[in-house]
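One line per chain: the protein sequences are G and W, in this order.
Per our numbering, the first sequence runs over residues 30 to 152.
Per our numbering, the second sequence runs over residues 34 to 356.
Ideal placement from N, C-alpha and C gives every residue a C-beta, glycine not left out.
Keep in mind that this is a model prediction, so the values were computed, not measured.
Inspection log for the structure reproduced underneath, given as structure tokens.
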Amino acid sequence: MLKTKYLLTFFILLFVLFNANAKKEKVDQIVVVQNLINQAYKLGYVDAAPLEMDFVEKKVIEARKAREKRKKKVYANLIEQIKVDLKIVKKRYEVNILNKQLSVLQDDNLHAQKMLDELQGQL
Amino acid sequence: MKYLLLLVCLMFSSFSQAKRSKDVEFASLEKDYNNLVMNLKYKPYAKSAKQIAKLSVEALINRQVKKRDKDLAVYVARYNIAYARLVAEAEWTENEITLEKNKALTLQVAISKAEAQIARQDAEIARMMLIAQQEEAQRSKERADLAEIVAQNSLEQAAMSKKETEAANRYAQAQEEEADLAKQEAELAIEEIESLRRKLNSIATERTEKGLMMTLGDFVFDSGRSTIKQEAVDNFSKVVNFINTYPNNKVQIEGHTDSTGSNKLNLKLSQLRADAVKNLLIKNGIQAELISATGMGEELPIADNSSEAGKAKNRRVEIIILQ
């Protein structure tokens with residue numbers, strides 16, 4: 030009897046924990062991803078990688094559908110894909126900024142070199 | 034049995050196709066990864082990201098991934114490769130940016146140096162131009178000074194020319210005056226000659242105790258001397274004719290002076306004048322033995338010696354045709 034009582038308590042606890050974690054994960058991951066997407070838009074990442082952002086948006090829709098259909102594996106995969114896609118988007122954005130900086134510096138240096146050549150021509 | 038065999042074949046075919054598809058996908062991933070690591074441009078960069086990509090690809094190839102996680106693993110491996118490429122690109126770009134910044138710094142330094150050098154050149158040119166301007170100003174001043182000197186010289190020359198002209202004018206005027214004087218002198222001389230001639234022609238004779246006497250005034254002689262004026266010589270015919278009227282009579286010539294000077298000198302002068310008249314008469318054909326000449330000095334005045342008119346009368350030579 031006592032053994033059954035402990036076993037029952039254990040299963041109840043396990044059930045509660047499992048349900049609580051599952052619910053938390055479901056809500057948190059989609060919110061996290063959405064927050065990341067919103068931040069990406071806000072920071073202008075979409076200009077750096079519009080195609081990737083389009084895929085991300087589609088994957089978010091698919092993830093929502095998977096969550097609704099309780100396809101946990103698909104949902105988890107999609108969430109993971111969205112996260113890595115957003116990392117790529119962010120990195121591409123950073124690379125773009127760096128390329129722009131480089132381009133400006135190269136232009137400046139080209140101009141400076143031309144100016145130097147002209148000055149040396151005057152010497 | 035036949036259908037079962039067909040089903041097995043289909044399953045085998047499907048399995049082998051799936052396997053071939055997986056192999057192609059892995060090969061594609063491996064190729065992707067190899068392209069990344071073999072890219073010389075990005076070789077030194079994103080080492081940890083490349084390592085992660087390598088591990089994820091190797092896990093798939095070595096079948097270390099559970100079958101149910103394979104799709105996600107493939108996706109993540111592809112992501113890791115792409116991410117590593119982006120990281121490498123970012124690091125390469127950062128490195129290029131650093132190089133460009135260094136280059137910009139070098140260029141800026143070179144430009145500053147060149148600008149400083151040009152500024153120094155400009156300053157040197159400005160200095161040279163200033164010196165040239167100063168030299169030009171000095172030359173202009175020298176030219177102006179020279180021009181002033183030349184102008185001064187010209188003025189002086191003009192003044193000298195003016196003076197010379199004035200002197201020439203004065204000289205010409207003096208010459209003219211001299212010519213006038215000469216003319217006047219000539220006229221005077223002519224007048225004097227005429228006067229002398231008239232005087233000689235108007236000489237009167239008078240009868241004295243000694244005989245007929247003709248008196249020659251001192252106008253016949255040069256002033257203070259015993260020589261007879263040439264004009265008187267030329268017009269002496271009346272005297273000669275007077276004497277020739279009495280060809281056989283003796284002629285006495287007496288010289289007289291005024292009281293000016295010493296007796297001795299006056300005596301000598303009167304004698305010399307009497308001799309001069311005698312010699313002239315001889316020259317004009319009068320016989321010398323008939324003529325006697327005596328100097329009387331100032332002893333026999335005929336007028337008062339206190340006045341010039343009296344003195345003039347006393348200075349005389351008397352020609353007496355003795356009876």
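Inset, instruction - Check residue 150 of chain G in the structure and name its three-state DSSP category. - result: helix
Legend entry - Which listed residue (W:320, W:130, W:161 and W:317) has its alpha carbon closest to that of residue 136 of chain G: Among W:320, W:130, W:161 and W:317, the Cα nearest to that of residue 136 of chain G belongs to W:130.
Legend entry - Partner residues on chain W for residue 141 of chain G, Cβ-Cβ distance less than 9 Å: The answer, in chain order, is 136, 137, 140, 141, 143 and 144.
Inset, instruction - Indicate whether at least one CB of chain G lies closer than 7 Å to the CB of residue 63 of chain W. - result: no
Inset, instruction - Please check the pair residue 275 of chain W and residue 247 of chain W, which I expect to be a contact at CB under 8 Å, by giving their CB distance rounded to whole angstroms. - result: 6 Å
Inset, instruction - Below 8 Å on the Cβ atoms is my guess for residue 141 of chain G versus residue 141 of chain W; work out the distance and round it to an integer in Å. - result: 7 Å
Legend entry - Contact set between residue 138 of chain G and chain W, taken where Cβ atoms lie within less than 8 Å: 133, 136, 137 and 140
Inset, instruction - Tell whether a beta-carbon distance below 7 Å holds between residue 244 of chain W and residue 356 of chain W. - result: Yes. Within cutoff.
Legend entry - Per-residue burial, residue 354 of chain W [other beta carbons within 10 Å of its own, 16 or more giving buried]: In summary, residue 354 of chain W is buried, with 16 or more beta-carbon neighbours lying within 10 Å of its beta-carbon over all protein chains present.
Inset, instruction - With residue 343 of chain W as the anchor, note down where its alpha helix (DSSP H) starts and where it stops. - result: 341-347
Inset, instruction - Rounded to whole angstroms, what's the CA-CA distance from residue 99 of chain W to residue 107 of chain W? Just pull it up for me. - result: 11 Å
Legend entry - Span separating the alpha-carbon of residue 63 of chain W from that of residue 82 of chain W: 15 Å
Legend entry - Closest residue to residue 288 of chain W among W:302, W:279, W:277 and W:294 (Cα-Cα distance): W:302
Inset, instruction - Using three-state DSSP, classify residue 240 of chain W as helix, strand or coil. - result: strand
Inset, instruction - Would you identify the three-state DSSP class for residue 260 of chain W, choosing helix, strand or coil? - result: Reduced to three states, the DSSP call for residue 260 of chain W is coil.
Legend entry - Residue-chain proximity (residue 58 of chain G, chain W), Cβ-Cβ < 7 Å: Residue 58 of chain G does not count as touching chain W.
Legend entry - Beta-carbon proximity of residue 81 of chain G to residue 105 of chain W, cut-off 7 Å: Not a contact, by the Cβ cut-off of 7 Å.
Inset, instruction - Answer yes or no: does any C-beta atom of chain G fall closer than 7 Å to that of residue 166 of chain W? - result: no
Inset, instruction - Taking residue 150 of chain W as the query, report the chain G residues whose CB atoms sit under 7 Å from its CB, ordered along the chain. - result: 152
Legend entry - Whole-angstrom distance between residue 89 of chain G and residue 62 of chain G, CA atom to CA atom: 8 Å
Legend entry - Residue burial classification, residue 183 of chain W (beta-carbon count within 10 angstroms, cutoff 16): exposed
Inset, instruction - Please name the residues in the stretch 56-90 of chain G whose beta-carbon is closer than 7 Å to at least one beta-carbon of chain W, in chain order. - result: none
Inset, instruction - Decide yes or no for the touch test of the stretch 223-232 of chain W against the stretch 322-338 of chain W: beta carbon pairs closer than 8 Å, at least 3 of them. - result: The stretch 223-232 of chain W is not in contact with the stretch 322-338 of chain W.
Inset, instruction - Taking residue 129 of chain W as the query, report the chain G residues whose CB atoms sit under 7 Å from its CB, ordered along the chain. - result: 131
Inset, instruction - Give the DSSP-derived three-state secondary structure of residue 285 of chain W in the structure shown. - result: strand
Legend entry - Contact under 7 Å by Cβ, residue 286 of chain W with residue 311 of chain W: yes
Legend entry - Proximity below 7 Å, CB of residue 157 of chain G to CB of residue 129 of chain G: Nothing in the structure corresponds to residue 157 of chain G, since chain G is present only between 30 and 152.
Legend entry - Delimiting residues of the beta strand (DSSP E) encompassing residue 325 of chain W: 324-330
Inset, instruction - Select from the stretch 93-114 of chain W all residues with a C-beta closer than 8 Å to any C-beta belonging to chain G, and list them in chain order. - result: Listed by position, the residues of the stretch 93-114 of chain W near chain G (Cβ gap below 8 Å) are 101, 104, 105, 108, 109 and 112.
Inset, instruction - Compute the distance between the beta-carbons of residue 115 of chain G and residue 65 of chain G, then report whether it is under 7 Å. - result: yes
Inset, instruction - Identify, in the order they occur along the chain, each residue of the same chain with its Cβ nearer than 8 Å to the Cβ of residue 305 of chain W, setting aside the five sequence neighbours on each side. - result: Exclusion of the five residues before and after residue 305 of chain W leaves 259, 288 and 328 as the residues of its chain whose Cβ lies within less than 8 Å of its Cβ.
Inset, instruction - Kindly indicate if chain G contains any beta-carbon less than 7 Å away from that of residue 58 of chain W. - result: no
Legend entry - C-alpha gap between residue 53 of chain G and residue 40 of chain G, whole angstroms: In this prediction, residue 53 of chain G scores a pLDDT of 49, lower than 50, which makes its location untrustworthy; no coordinate-derived value is stated.
Inset, instruction - Output the boundary residues of the alpha helix (DSSP H) element that contains residue 86 of chain W. - result: 80-94
Legend entry - Distance, residue 344 of chain W Cα to residue 296 of chain W Cα: 15 Å
Legend entry - 7 Å Cβ cutoff, residue 54 of chain G in contact with chain W: Residue confidence for residue 54 of chain G is low, a pLDDT of 48 falling below 50, so the modelled location carries little weight and cannot support an answer.
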